[in-house]
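J.: Please find one structure pasted underneath; my questions will follow.
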Amino acid sequence: MVWVIGNKGMLGTQICRTLKENKIECTGTDCDVSILDFSALEGFASGKDISFIVNCAAYTAVDKAESDVDFARALNADGPRNIARLAKKIGVPFLHISTDYVFDGSASSPISEDAPIKPIGVYGETKAEGEKSVQEETGDFYILRTAWLYGWSGKNFVYTMIRAMNMRDSVKVVNDQRGTPTNCVTLASVILKIIENRLAGKNVPNGIYHVTDLGEITWFDFTNEIKKEAADAGFLLNKDCVVNPCDTSEYPTPAKRPAYSVLDKSKIQKTLGISLPDWKESLKSFINSALFDKTRIE
Ligand SMILES: NC(=O)c1ccc[n+]([C@@H]2O[C@H](COP(=O)([O-])OP(=O)(O)OC[C@H]3O[C@@H](n4cnc5c(N)ncnc54)[C@H](OP(=O)(O)O)[C@@H]3O)[C@@H](O)[C@H]2O)c1
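One point on numbering: in UniProt numbering, the residue at position 162 of the sequence shown is 162, and numbering is uninterrupted.
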């Protein structure tokens, strides 16, 4: 049985959905079994036939982390260490989710897994510490770095922008941060493939992998495409809303964002023999799905 930790979050919800759709037995925990409490984790696993652990629980409030350093570090570094220790103790693989924020954003071409990490904020710093804790505790690990995630069950950029465009005559969006939006479905499908291979006894080399959709755009480009797709789907009530580009300097936030965070996905595609989808295709299927939550754009 696969144990998904952080199963009530945006990504965790999608992973459980994907596993169930593919008839893989899974169980989930969230704040009810805190990742900060090793005995609680051990108690939950006890007596269950756990064969694989996936961790999506994290401190994800990037700006708040700047002033809540200890708690962010506890959740992003100490929590994963506890899970990795338990995974090793019970002899199962551990897949942990990390982020493009471990890089400083100074690259100008897709970033490979072995590029030096250099976080520029507390969230990225503590996630980088989490990567290290996992590798220190167990050899049977997969660390999947992802970026710009959106999913049906969570607050995210797609819902926020459609709601904003419906409420205002114009929106300003940063046009100097480059990356790749990623549908949680893409990431969950990759995780499924790793789990299926491992449960079937096939080798998937342990290590760090970069997983996002394909392509390279700015938040401004993303917003224009969201506008188009939302209009086509009949979700855009205010079709005249103007999307204006702006620079990051015009939109100050407590935490700095990496200017460039396009990840090189060749390693995961080669290892699993898969082709990841293009970001536009993923956005289209997100907006046109019955799972799209219309209450989040009202
Ligand atoms: N969202 C993105 O754009 C993005 C980009 C790159 C990487 N990531 C990574 O992807 C992963 C999943 O992100 P997400 O957006 O799905 O996050 P999320 O929606 O915030 O989900 C995290 C879940 O963990 C739970 N949690 C908090 N403290 C916990 C604890 N002590 N024990 C157990 N569970 C706890 C949260 O509960 P509460 O909500 O009640 O606190 C929440 O349900 C994270 O590792 C994140 O760093 C996300």
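Just so it is clear, CB atoms sit at the ideal spot from N, CA and C, and this is done for glycine as well.
If you draw a straight line from the alpha carbon of serine 261 to that of lysine 20, how long is it in whole angstroms?
T.: C-alpha separation (whole angstroms): 32 Å.
J.: Using beta-carbon positions only, say whether cysteine 241 and methionine 165 come within less than 7 Å of one another.
T.: Yes. Within cutoff.
J.: Report the start-end ranges of each beta strand (DSSP E) in the region 47-101 that is 3 residues or longer and not cut off at the edges.
T.: DSSP runs (the beta strand (DSSP E)) wholly in the region 47-101: 52-55 and 94-99.
J.: For tryptophan 3, does the three-state DSSP call read helix, strand or coil?
T.: Strand.
J.: Between methionine 161 and ligand 1, is there a pair consisting of the residue's CB and a ligand heavy atom that are separated by less than 6 Å?
T.: Outside the cutoff, so no.
J.: In whole angstroms, what is the alpha-carbon distance linking leucine 291 and tryptophan 152?
T.: Cα to Cα, the separation comes out at about 6 Å.
J.: How many angstroms separate the CA atom of asparagine 244 from the CA atom of serine 170?
T.: Looking at the two C-alpha atoms, the distance is approximately 7 Å.
J.: In terms of residues, what are the limits of the alpha helix (DSSP H) holding asparagine 244?
T.: Here asparagine 244 belongs to no alpha helix (DSSP H); instead the beta strand (DSSP E) covers 242-246.
J.: Could you confirm whether any beta carbon from chain C is found closer than 7 Å to the beta carbon of glutamine 135?
T.: Among the protein chains of the structure shown there is no chain C, as only one such chain exists.
J.: What is the DSSP secondary structure of aspartate 278, counted as helix, strand or coil?
T.: Looking at aspartate 278 - three-state DSSP - the assignment turns out to be strand.
J.: Which residues does DSSP list as the beta-bridge partners of leucine 263?
T.: Answer by DSSP bridge pairing, in chain order: Ile111.
J.: In the DSSP output, which residue or residues are listed as bridge partners for isoleucine 208?
T.: Its beta-bridge partners are Ile143.
J.: Can you give the Cα-Cα distance for alanine 231 and serine 108, rounded to whole angstroms?
T.: Cα to Cα, alanine 231 sits roughly 33 Å from serine 108.
J.: Taking the beta carbon of cysteine 16 as the centre, do at least 16 other beta carbons fall within 10 Å, making it buried, or is it exposed?
T.: Burial call: buried.
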